[in-house]
Amino acid sequence: MSGTNISSPLTLPCGAVLKNRFAKGAMTEGLADARNQATERHARLYGRWADGGSGMLLTGNVQVDGRYLERPGNVVIEGPQSNEQLSALAAFAKAGTRNNTHLWMQLSHAGRQTPAAVTSEPVAPSAIEVKMPGGQFGKPRALTVEEIKDIIERFAFAAGVAKDTGFTGVQVHAAHGYLISEFLNPLVNQRIDEWGGSLENRARLLMETVKAVRDKVGAEFPISVKLNSSDFQKGGFSHSDSIKVASWLDEAGLDLLEVSGGNYEQPVMMDTEGFEPVYEEKVRSSTRKREAYFLEYAADMAKAVKNTPLMVTGGFRTVEGMNEALESNDADVIGIARPLCVESDLPQQMMDGKVTEAKKWEKTFRLGPTRILGPNSPIDLFRGLNAWGAQGWYCLQLIRMGDGQDPDTGMSTFKALRRYMGNEQKAAKAMNAARAA
Ligand SMILES: Cc1cc2nc3c(=O)[nH]c(=O)nc-3n(C[C@H](O)[C@H](O)[C@H](O)COP(=O)(O)O)c2cc1C
Numbered sequence: 003m004s005g006t007n008i009s010s011p012l013t014l015p016c017g018a019v020l021k022n023r024f025a026k027g028a029m030t031e032g033l034a035d036a037r038n039q040a041t042e043r044h045a046r047l048y049g050r051w052a053d054g055g056s057g058m059l060l061t062g063n064v065q066v067d068g069r070y071l072e073r074p075g076n077v078v079i080e081g082p083q084s085n086e087q088l089s090a091l092a093a094f095a096k097a098g099t100r101n102n103t104h105l106w107m108q109l110s111h112a113g114r115q116t117p118a119a120v121t122s123e124p125v126a127p128s129a130i131e132v133k134m135p136g137g138q139f140g141k142p143r144a145l146t147v148e149e150i151k152d153i154i155e156r157f158a159f160a161a162g163v164a165k166d167t168g169f170t171g172v173q174v175h176a177a178h179g180y181l182i183s184e185f186l187n188p189l190v191n192q193r194i195d196e197w198g199g200s201l202e203n204r205a206r207l208l209m210e211t212v213k214a215v216r217d218k219v220g221a222e223f224p225i226s227v228k229l230n231s232s233d234f235q236k237g238g239f240s241h242s243d244s245i246k247v248a249s250w251l252d253e254a255g256l257d258l259l260e261v262s263g264g265n266y267e268q269p270v271m272m273d274t275e276g277f278e279p280v281y282e283e284k285v286r287s288s289t290r291k292r293e294a295y296f297l298e299y300a301a302d303m304a305k306a307v308k309n310t311p312l313m314v315t316g317g318f319r320t321v322e323g324m325n326e327a328l329e330s331n332d333a334d335v336i337g338i339a340r341p342l343c344v345e346s347d348l349p350q351q352m353m354d355g356k357v358t359e360a361k362k363w364e365k366t367f368r369l370g371p372t373r374i375l376g377p378n379s380p381i382d383l384f385r386g387l388n389a390w391g392a393q394g395w396y397c398l399q400l401i402r403m404g405d406g407q408d409p410d411t412g413m414s415t416f417k418a419l420r421r422y423m424g425n426e427q428k429a430a431k432a433m434n435a436a437r438a439a
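For the sequence shown, this note's numbering assigns the number 3 to the initial residue and increments by one for each residue that follows.
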């Protein structure tokens with residue numbers, strides 16, 4: 003028994019100290035302006051979270067290439083930064099580091115998961131499109147080697163801007179089917195050059211990116227990676243691949259490895275229930291019982307790393323479950339995302355003993371037909387719409403907090419779906435108009 007609990011501080015390998023074991027998981031905010039610059043809405047939202055007790059806050063994914071976004075409202079850091087952007091980022095960092103809170107910028111490239119509203123031709127390791135209905139993503143083209151090298155430099159450049167504007171760490175997003183995760187995944191990476199094939203080659207983009215970021219920010223600045231414990235797809239990035247990559251990252255010198263799983267085709271990062279069929283490694287039943295989806299996978303990864311603390315994100319809702327994970331050393335940091343869209347001070351409430359369990363909002367979302375047919379209805383369309391409605395619901399709560407309002411927990415899934423889609427269309431239109439001007 004380690005005696006570690008949610009209130010224990012943690013010293014990272016680089017020497018930085020997290021004041022407790024809570025980290026807010028990255029959540030895309032959609033709060034950038036039409037030129038993909040940070041705004042005062044980011045500062046308002048992150049100030050609220052920094053007042054809520056978390057030891058560390060991860061930003062939503064900030065993009066290193068404005069052509070390939072995860073959604074139109076992403077912040078982009080590339081090329082010369084305007085004074086407006088630099089002061090908005092500095093205000094964002096100032097608010098998010100209140101109360102001795104760490105604020106780390108998550109850096110990403112959306113790769114083939116760039117929506118069609120952003121580009122009809124995304125990029126990927128190989129020209130293999132996302133297998134999802136509805137034409138939401140265009141067929142990608144394969145990146146050239148020069149482009150891959152440029153992407154590595156872009157990550158390093160954006161990390162430098164994060165550091166210079168007052169963020170206290172960075173995270174490289176290598177999970178959830180975005181570009182770096184696509185390179186790791188043999189189903190998407192079918193390259194025959196040194197960037198594809200063996201695991202060592204598939205991991206080259208990640209490893210070179212981490213090295214370039216470290217060279218840019220120095221030894222004392224926290225660097226994290228978010229990695230899938232597995233893609234949970236037959237023939238995808240497997241759990242044994244993930245354990246090996248974790249050990250390489252550990253040797254390279256990382257400050258925190260965040261463990262997640264899945265991608266758009268297999269979205270287990272949000273829930274391991276209801277997605278049965280195509281796992282190479284079925285989500286283990288004991289993991290389900292232990293509330294955190296990837297804890298058992300993280301335990302395997304913990305054995306492969308010597309120095310790197312592990313953050314585990316996905317499903318944690320009870321103080322008991324969190325303390326158990328910390329005590330057993332299967333996790334060093336507890337990642338929490340969705341509950342903080344509603345209860346921004348949940349970590350403080352939990353540390354004060356006022357709350358022992360977060361509400362599972364995800365259990366409450368049901369569009370009409372799904373309610374009638376049951377949550378595991380075989381009708382994929384409704385399952386898909388339900389998931390979109392839920393995602394929209396959370397995203398709209400973030401926008402409300404960014405606007406200085408309280409979350410609206412009475413919002414129906416249907417209303418959220420409609421509003422969210424309208425919001426995204428409007429943002430895409432404004433962004434494209436600003437780019438054309
Ligand atoms: C609205 C929303 C936006 C998200 N955006 C991101 C993101 O930008 N980057 C990322 O790595 N994960 C993102 N995630 C996933 C979360 O970080 C987290 O892995 C997932 O929600 C599971 O944790 P939870 O059960 O505590 O919510 C997002 C999740 C939600 C609900």
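We treat Cβ as the ideally placed atom computed from N, Cα and C, and that holds for glycine.
Predicted, not measured: the structure shown is a model, and the values here were computed from it.
In the assembly as shown, T415 is a buried residue. Its beta-carbon has 16 or more other beta-carbons within 10 Å. A heavy atom of ligand 1 is found nearer than 7 angstroms to the CB of A177. Between the alpha carbons of V270 and P82 lies a distance of about 37 angstroms. The C-alpha of G55 is placed about 15 angstroms away from the C-alpha of A360. With contacts defined by Cβ atoms closer than 8 angstroms, E155 and A214 form a contacting pair.
Annotated as distal: A45 and A112, with beta-carbon spacing of 8 angstroms or more. Assigned with DSSP and collapsed to three states, Q407 falls in coil, not helix or strand. Looking at the DSSP output, A144 sits in a beta bridge with A126. Within 7 angstroms of the C-beta of G255 there is not a single heavy atom belonging to ligand 1. No Cβ-Cβ contact shorter than 8 angstroms links G140 with A164.
Segment contact: the region 14 to 28 against the region 330 to 342, three or more CB-CB distances shorter than 8 angstroms; contact assigned. Collapsing the DSSP output to three states places W363 in a helix. For K228, the secondary structure class from DSSP, reduced to helix, strand or coil, is strand.
Residue nearest to R73 within the set L145, R437 and M433 is M433 (criterion: CA-CA distance). Our two residues, G198 and Y266, have alpha carbons roughly 21 angstroms apart in a direct line. In the three-state reduction of the DSSP assignment, T320 falls in the strand class, which pools E and B. At the C-beta level, T211 and P15 stay beyond 8 angstroms of one another. Annotation: the continuous beta strand (DSSP E) that includes L109 extends over H104 to S110. Residue environment for R340: buried (at least 16 other C-beta atoms within 10 angstroms of its C-beta). Counting only the Cα atoms, R193 lies some 19 angstroms from K236. Here A176 carries a strand assignment [DSSP, helix/strand/coil]. About 6 angstroms separates the beta carbons of A28 and T61, which is inside the 8 angstroms limit, making them a contact pair.
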